[in-house]
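Numbering (the UniProt record's numbering), first residue to last: 249 to 453.
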Ligand code: URA
């Protein structure tokens, strides 16, 4: 019972954060975006997955990783033996940044200023959830998680201590796999992504 009360208190804190973030004006990205896309998942998750920013589909749905990158992530998590529903999934930047090209909204990389402006939300999510492991997927997530530019290839696939107490694991962003033109390279890189995620799988109770 005390455990249930504790979990409910965490869920309430997270809901309060989500509500506050829905009015965020810390940078200009809110103006063109449909809505803030806050993190999603159990408030006591052992693993927190961090992406870059919501894409077109996420901006419309209000949920992280529901578009093509999300499908790739879901598949890789399953292959790694991780139930996505046991993880907390969020993004370094919580509004969609894009340029209009005719009918389509083309994703744009968030700037360092935007990553910094949004970081307090990540810090507050981290403080509530207190995961054992934070998985930074791609360069923007790594910049958010470590508070500085952190190269993916030099750091991927091994556990790194965070000041906040948790461990961090750096890997590629699932969109990177979608962009690879050559099928053989894509298959290889997918397997590397899955093997990185298998390191994370050990953190599930
Ligand atoms: N890419 C991301 O980084 N995050 C999402 O939520 C969707 C696509």
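Cβ coordinates follow ideal geometry from the N, Cα and C atoms, glycine included.
Annotated three-state conformation of residue 394 is helix, per DSSP. Rounded to whole angstroms, the gap between the alpha carbons of residue 419 and residue 400 is 6 Å.
Among the bridge pairs identified by DSSP, residue 349 is matched with 352. In the three-state reduction of the DSSP assignment, residue 299 falls in the strand class, which pools E and B.
In this structure residue 341 touches residue 388 by the C-beta definition: roughly 7 Å separates them, less than 8 Å. When secondary structure is reduced to three states using DSSP, residue 416 falls in the strand class. No residue range can be given for residue 430, since it is assigned to no beta strand (DSSP E) and is classified by DSSP as neither H nor E. With at least 16 other beta carbons inside 10 angstroms of its own, residue 422 counts as buried. As the crow flies, the alpha-carbon of residue 378 is around 13 Å from that of residue 289.
With a threshold of 7 Å, the Cβ atom of residue 291 does not count as near ligand 1, since no heavy atom of the ligand is closer than that.
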